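A.B. asks:
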Amino acid sequence: MKAIHNLGKEARHDIIEIMLENRSRKALADELGLTPTAVIKFSRGMTHPSDDTILKIMEIANGKERQKILKIMLNELVSSLIEIINEYPDIKDEKLDELRKILDELENREVMKSITSIM
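My numbering puts the first residue of the sequence shown at 771, with every later residue one more than the last.
Here it is in structure tokens:
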């Protein structure tokens, strides 16, 4: 998954911290098939979890954890897009237009949800 591959070191650390909120380092290591030492190194920022480890985390995360992790992933993507657009403000690309359409569609869905919840 490209979104995972593009995660920075800080985001990967934050994901580990989310997973350690409700389990011990040993329990997380067992769930991930890693040594407790590896998880300790992740939590101290000495090393960072691989793409495969993050994918495994997504598999074992509960609903709340998954939502927090997805928020981190989206923040990384949005930050990257903002950086590109700020660096190259005159960029014109069909993918940006496609992204605008997707965002408009998501916004429309949210509006419809709030309208139907009022009714």
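Just so you know, even glycine gets a beta-carbon here, dropped at the ideal spot from N, CA and C.
None of the values given here were measured: they were computed from a predicted structure.
Taking a contact to mean a Cβ-Cβ separation below 8 Å, would you say I774 touches I842 in this structure?
C.D. replies: The answer is no: Cβ separation not under 8 Å.
A.B. asks: To the nearest angstrom, how far is it from the Cα of R793 to the Cα of L840?
C.D. replies: Using only the alpha carbons, I get a separation of about 19 Å.
A.B. asks: Quick one: give me the first and last residue of the alpha helix (DSSP H) that I906 is part of.
C.D. replies: Residue 906 cannot be examined here, being either before or after the span of the chain that is shown, 771 to 889.
A.B. asks: Less than 8 Å between the beta carbons of R795 and I824, yes or no?
C.D. replies: It is not a contact, given that the beta carbons lie outside the stated cut-off.
A.B. asks: Determine the contact status of I885 and E835, defining contact as a CB-CB distance below 8 Å.
C.D. replies: No; because the gap between Cβ atoms is not below 8 Å, this pair is not in contact.
A.B. asks: Using the Cα positions of G803 and M771, report the straight-line distance between them to the nearest angstrom.
C.D. replies: Answer to the nearest angstrom: the Cα atoms are 20 Å apart.
A.B. asks: Taking the C-alpha atoms as reference points, what is the distance between A808 and L798?
C.D. replies: Whole-angstrom Cα-Cα distance: 10 Å.
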